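Okay, structure first, notes after.
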Amino acid sequence: MRFLELVKKRKSTRNYSSRPVPREIIARCLEAARMAPSACNAQPWSFIVVDDEDLKNRVAGAAFSASYTLNAFAKKAPVLIAAVTERTRYVTRVAGFFRGIHFALVDVAIACEHLVLQAEDEGVGTCWLGWFNEKKVKKILNIPERKKIDIIISMGYPEKDEPKERIRRPLDKIRRFNKERH
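Residue numbers (our numbering): -19 to 162.
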């Protein structure tokens, strides 16, 4: 598949079948994430794949309950992947402080996008999730306090094709050459 076709085809999946995702496919998705660029080549990420059904149900129950029910659909996904933000290099943290940019979060987001694009190429649906009970998930997955889960990705085969028009701003509304127009 050509890259632009892949990008245009990828959409968030919110209805999953119970069909398991083979670990070989998950491994290829993680390999795509591993190859992502990062500031100062820090690679400030690790990924915890939760595909054991009992553990996945515990994680999903903790992550997407109470005030976090907006993403309760993810409870039906056969796989949850916690993107764990690791400590970055000193120079990256200093540069981020002066620029007002959290480079580790940017880096992890790039890696996650590589992961979901590979999943799409494999015919597997995904959805980025940023609204969840991080504290409870960290406890269940034994993640130390100094690390952060910024993103959980739900993953599984789509229940059915959900053709939906994707609304995007036209290119001429977002493109500028050489300077901002006022």
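Note that beta-carbon positions come from the ideal geometry of N, C-alpha and C, so glycine has one too.
Computed from a prediction, not measured in an experiment: that's the story for all the values here.
Taking DSSP as the reference, what is the three-state secondary structure of S(-8)? Reduced to three states, the DSSP call for S(-8) is strand.
Which class does K140 belong to by DSSP, given the choice of helix, strand or coil? DSSP places K140 in coil when its eight states are reduced to three.
Between the alpha carbons of S134 and A40, how many angstroms are there, rounded? Answer to the nearest angstrom: the Cα atoms are 10 Å apart.
Following the continuous beta strand (DSSP E) through G105, name the residue where it begins and the one where it ends. Boundaries of the beta strand (DSSP E) around G105: 105 to 109.
With 16 other Cβ atoms within 10 Å as the buried cut-off, status of H94: With 16 or more Cβ atoms within 10 Å of its Cβ, H94 is classed as buried.
What did DSSP end up calling L60 once you bin it into helix, strand or coil? L60 carries a strand assignment under DSSP once its states are collapsed to helix, strand and coil.
Contact between the stretch 45 to 56 and the stretch 103 to 121 is defined here as three or more beta-carbon pairs at a separation below 8 Å; is this criterion met? The stretch 45 to 56 is in contact with the stretch 103 to 121.
Backbone CA spacing between I129 and T65 [nearest angstrom]: Rounded to the nearest angstrom, the two C-alpha atoms are 6 Å apart.
Local Cβ density within 10 Å of P150, reported as buried at 16 or more and exposed below that: P150 should be labelled exposed.
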